[in-house]
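Everything below concerns the one structure shown next.
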Amino acid sequence: MTKNQRWTADQIPDQAKRVFVVTGANSGLGLVTTRALARKGGHVILAVRDEAKGHRAAAEITAEEPGADLEVRRLDLADLDSVRAFADQLRVDHPRLDVLVNNAGVMAPPRSLSAQGHELQFACNHLGHFALTGLLLDLLTDGNDPRVVTVSSTNHRQGHLHFDDLSGERKYSPMGFYNQSKFANAVFGWELHRRLTAAGSSVRSLLAHPGYTSTNLQTSAPVGMVKMLFGRILAPLAQPRNRVHCPAVRGHRPGREGR
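For what it's worth, UniProt numbering labels the leading residue of the sequence shown as 1, then goes sequentially.
Structure representation (structure tokens):
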């Protein structure tokens, strides 16, 4: 492939006998990623907060791909008890995992807290995925060319960790705390890569930036300037979701190193 050639999901090799977990798989980039992997024969576990929506998404994919190998499981990333329950049951039902796609997220909602009292965006976008990855790492170690793909954002460049106010009790900015969660994603992805490499692990950690995309992520933003910016001003510039899943999916290809 030359530098100027566009990579597409059609170039994904056969994924038969490989097991994937995609968080937030019922909509947006998660749904398109799930569809692309199922189309190539992968067994994809849709990890979703709303099981009814997950089953509707699976039915939509199966209608297009009758042979799609899918299963739907409940996972609420904003509740660490749910994360542990998901991981524990997955370990019972699957002896190995090949790829974990940390995709689910919320963006710029009004301030709210997770089940354990953490700021919602930090809990859902980072802490839940951090815990999930740790709980599934041994399953990935036994996988076929295993990968952890974390969907981040260039918004991490505007983010930093508010160590003295992680939950925004004193001052809360919806976009500021979204940027914090994306910064945490980036630090986690890089540090996981460093530690896995140093340990000689076969697991690779990759970060994917999908760009600004036409998905439902921005619907959690409050009415006002943030919603106007993303919903009206930038919408004409957004790339379609069926094109943007490529950075995340490309990270699943065998042989790619963690970057």
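We put the beta carbon where it would ideally sit given N, CA and C, even for glycine.
For the stretch 70 to 135, the full-length beta strand (DSSP E) segments reaching 3 residues or more read 99 to 102 along the chain. Below 8 Å, enough C-beta pairs join the stretch 24 to 33 and the stretch 103 to 123 to call them touching: three or more. Of the residues Ala38, Thr133 and Phe163, the one whose Cα lies closest to the Cα of Asp88 is Thr133. Of the residues assessed, Thr8 falls on the exposed side of the cut-off, its CB having fewer than 16 other CB atoms within 10 angstroms. Ranked by Cα distance from Arg73, the options Phe163, Trp190 and Phe20 are led by Phe20. Within the same chain, no Cβ atom closer than 7 Å to the Cβ of Ala52 is found once the five residues on either side in sequence are excluded. Each of Leu113, Arg147 and Gly67 was checked against the Cα of Asp98, and the nearest Cα belongs to Arg147. For the stretch 14 to 69, the full-length beta strand (DSSP E) segments reaching 3 residues or more read 19 to 23 and 43 to 48 along the chain.
Excluding sequence positions up to five before and after Phe86, its CB lies within less than 8 Å of the CB of Ala47, Arg73, Arg74, Leu75 and Leu132, all in the same chain and listed in chain order. Taking every protein chain shown into account, the CB of Gln121 has 16 or more other CB atoms within 10 angstroms, so this residue is buried. Within the stretch 129 to 211, complete alpha helix (DSSP H) segments of at least 4 residues are found at 174 to 198, given in chain order. Between Ser181 and His129, the CB-CB gap reaches or exceeds 7 Å. Inter-residue distance for Ala78 and Arg49 is about 9 Å (C-alpha atoms, whole angstroms). Asp81 is not a Cβ neighbour of Gly41, given a cutoff of 7 Å. Ranked by Cα distance from Leu161, the first of Ala57, Phe177 and Thr150 is Phe177.
The Cβ neighbour count for Val92, taken over all protein chains shown within 10 Å, is under 16; the residue is labelled exposed.
Burial state of Pro210 is buried, judged by a 10 Å Cβ sphere holding 16 or more other Cβ atoms. Contact check for Val44 against Ala36 fails: the beta carbons are separated by 7 Å or more.
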